[in-house]
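**Q**
Residue numbers (this note's numbering): 11 to 609.
(1) Could you give the uninterrupted runs of the beta strand (DSSP E) lying entirely in the region 341 to 428, keeping only those of 3 residues or more?
(2) Among the candidates 601, 424, 536, 356, whose CA atom is the shortest distance from the CA of residue 476?
(3) Please report the straight-line C-alpha distance between residue 442 and residue 422, rounded to a whole angstrom.
(4) Please state if the CB of residue 345 and the CB of residue 184 are separated by a distance shorter than 7 Å.
(5) Do residue 552 and residue 589 have their C-beta atoms within less than 7 Å of each other?
(6) Have a look at 468, 456, 534 and flag the residue whose alpha-carbon is nearest the alpha-carbon of residue 508.
(7) Could you pull the start and end residues of the alpha helix (DSSP H) that residue 255 belongs to?
(8) How about residue 84 and residue 93: do their beta carbons lie closer than 7 Å?
(9) So what does DSSP say about residue 199, is it helix, strand or coil?
(10) Would you decide whether residue 95 is buried or exposed? Buried here means 16 or more other CB atoms lie within 10 Å of its CB.
(11) Does DSSP put residue 82 in a helix, in a strand, or in coil?
(12) The alpha helix (DSSP H) spanning residue 309 covers which residue range?
(13) Along the chain, where does the beta strand (DSSP E) containing residue 472 start, and where does it finish?
(14) Determine the direct distance from the alpha carbon of residue 385 to that of residue 563, and round the result to whole angstroms.
(15) Assuming the contact rule is C-beta atoms closer than 8 Å, residue 549 and residue 500 should be a hit. Round their C-beta distance to whole Å, please.
(16) Can you tell me whether residue 150 is buried or exposed? The criterion is at least 16 other CB atoms within 10 Å of its CB, across all chains shown.
(17) Alpha carbons only, please: which of 250, 466, 392 is nearest the one belonging to residue 451?
(18) For residue 202, which residues of its own chain have a beta-carbon under 7 Å away from its beta-carbon, when the five flanking residues on both sides are left out?
(19) Taking the CB atoms as reference points, tell me whether residue 50 and residue 105 lie closer together than 7 Å.
(20) Determine the closest residue to residue 415 out of 402, 510, 364, 534, with distance taken between C-alpha atoms.
(21) With DSSP run on the structure shown, which of helix, strand or coil describes residue 189?
(22) Would you report the Cα separation of residue 482 and residue 304, rounded to the nearest angstrom?
(23) Based on the DSSP secondary-structure assignment, which residues constitute the bridge partners of residue 12?
(24) Contact between the region 294 to 308 and the region 503 to 517: three or more CB pairs below 8 Å?
(25) Sorted by chain position, which residues of the same chain lie with C-beta nearer than 6 Å to residue 314's C-beta, five sequence neighbours on each side aside?
(26) Am I right that residue 292 and residue 370 are in contact with their C-beta atoms under 8 Å? What's the rounded C-beta distance?
(27) Could you pull the start and end residues of the alpha helix (DSSP H) that residue 215 belongs to?
(28) May I ask you to verify whether the region 155 to 175 touches the region 210 to 226, counting CB pairs closer than 8 Å and requiring at least 3?
(29) Whole angstroms are fine: how far does the CA of residue 41 sit from the CA of residue 19?
(30) What residue does the beta strand (DSSP E) around residue 63 start on, and which one ends it?
(31) At the level of alpha carbons, what is the spacing between residue 1 and residue 191?
(32) Just curious, the beta strand (DSSP E) that residue 91 is in, first and last residue?
(33) Less than 8 Å between the CB atoms is what I'm expecting for residue 90 and residue 63, so what's the real figure, rounded?
(34) Between 187, 392, 478, 226, which has its C-alpha nearest residue 363's C-alpha?
(35) Could you tell me which of 383, 52, 12, 173 sits nearest to residue 306, measuring between CA atoms?
(36) Whose C-alpha, out of 417, 77, 376, 163, is nearest the C-alpha of residue 138?
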């Protein structure tokens, strides 16, 4: 429950009280600032409070945007200001000052009280969100003529149409913008009117995708066609949950995590379903499925690392970025550039169509080629931006990159040891040794100790990149290189084992570790910090897991190696899932809304 305190004399014929109640507010009327202070003191400390001028005229959705958005501790628009529990003390102080002025004999005019309170919150250091209303009306008319004009302006704009339009992301891919969002927004409204939550729609999207993966696993043409159709419907629901969140302002940290995590779970489960279906037809494409997951996961960590390194950097400009911004304002180049990076809409549409019309092998070939091109294009552009910009990265950005490396206890110990000895070295040494591990695993026969030797060098030298804060121009590449080294080693060793079941076991292990890495990203995005150190230590860190897998491959026969990979995958999955679910369900982090994979 939330409480709205109306200040001043209610206007006859006004629907303001009814509008506030429809938004879930318990409405109370205050005749002056002292009365408002008394009413505020009676509101439980865990409730949101809004102070609203009784003369307010405007759209219901304007009030919704200004008073109910859970992402902001305080928000304001003309004639109204709201505060969540975190900003209640500042609101109380502001009202107390107004009340003291009245009891001290000063003349306190109730006109513009909400504006003075908003200014006081600003002066108190509270970040007050002021929503962009666009064509929506929010005003406090000073006289009857101004009131009539404001009411006419309200009548001239359909706030429901505005609400539907703004439920759609302002920037999205071509396929999503032109083929999904024109219809999914109405599905979002349908869900809102029936009391469904974004998290319920997100869960429905996951279940639909899992059913699609099951259909693909049948290996029949009918199953492939059904899988393609269900995958597209799952994507429609995936768009709907975000639009429902924006339409009804139902944002939460848990919801953002579910939306982002389930996207990865849906896609990678579908890869597994395609691989199972191909196996039923006598075609083993598990290596392609695992390769697609590795490539896609590394693409994402490139996105995340680059964005984390630069989102709060100062003097963050470059000629390359300026050219990119210019191209984004030129007609057809906007959509072309959004399509060639193969965002989630285009990618899932391609997968769905190819599943229905061709074979899993062709689907994976097309996916690998498309993702490889997109990865090359985006990474090259970001490297050019990094080399040509004069950005100064913050300590927060450097810490985020360090957390994204997922360095385990061995790397921690070696880093502390090297710092005591004042050792230094170029970060590229660690990255080269990571490439050597994958190369040794690929060139040496299964059971060779050469990959182990390369992994030992990798584990010993991987801390070199962490000896100084990751503030260099290209330091955001460190986490992606570590991901590629670990995932690539697992993939190659499983393929070299050449035993039935080794690649599916490796797929499960990489999926479990990738989940942990995505979970780390979404914690950082939600300002909740990195996962606890005990979790990173428990699962070994990237260098520990890479070394362990190479040792297992050298010591065990191929069939036993498959069993060991399976056991390791289950152990990692259990640990990271239990901790992740515990954290997100109990998290008190501020509400956020993840806009999804960049277009």
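Note that beta-carbon positions come from the ideal geometry of N, C-alpha and C, so glycine has one too.
**A** In brief:
(1) none
(2) 424
(3) 20 Å
(4) yes
(5) no
(6) 456
(7) 231 to 258
(8) yes
(9) helix
(10) exposed
(11) coil
(12) 296 to 320
(13) It is not in any beta strand (DSSP E) - residue 472 carries neither H nor E in the DSSP assignment.
(14) 30 Å
(15) Not a contact, Cβ separation roughly 14 Å.
(16) buried
(17) 466
(18) 254, 257, 258
(19) yes
(20) 534
(21) helix
(22) 26 Å
(23) 35
(24) yes
(25) 531
(26) That belief does not hold up - the Cβ atoms of residue 292 and residue 370 are roughly 12 Å apart, past 8 Å.
(27) 208 to 227
(28) no
(29) 7 Å
(30) 59 to 63
(31) As displayed, the chain neither begins before 11 nor continues past 609, which places residue 1 out of reach and without an answer.
(32) 90 to 93
(33) 7 Å
(34) 226
(35) 383
(36) 77
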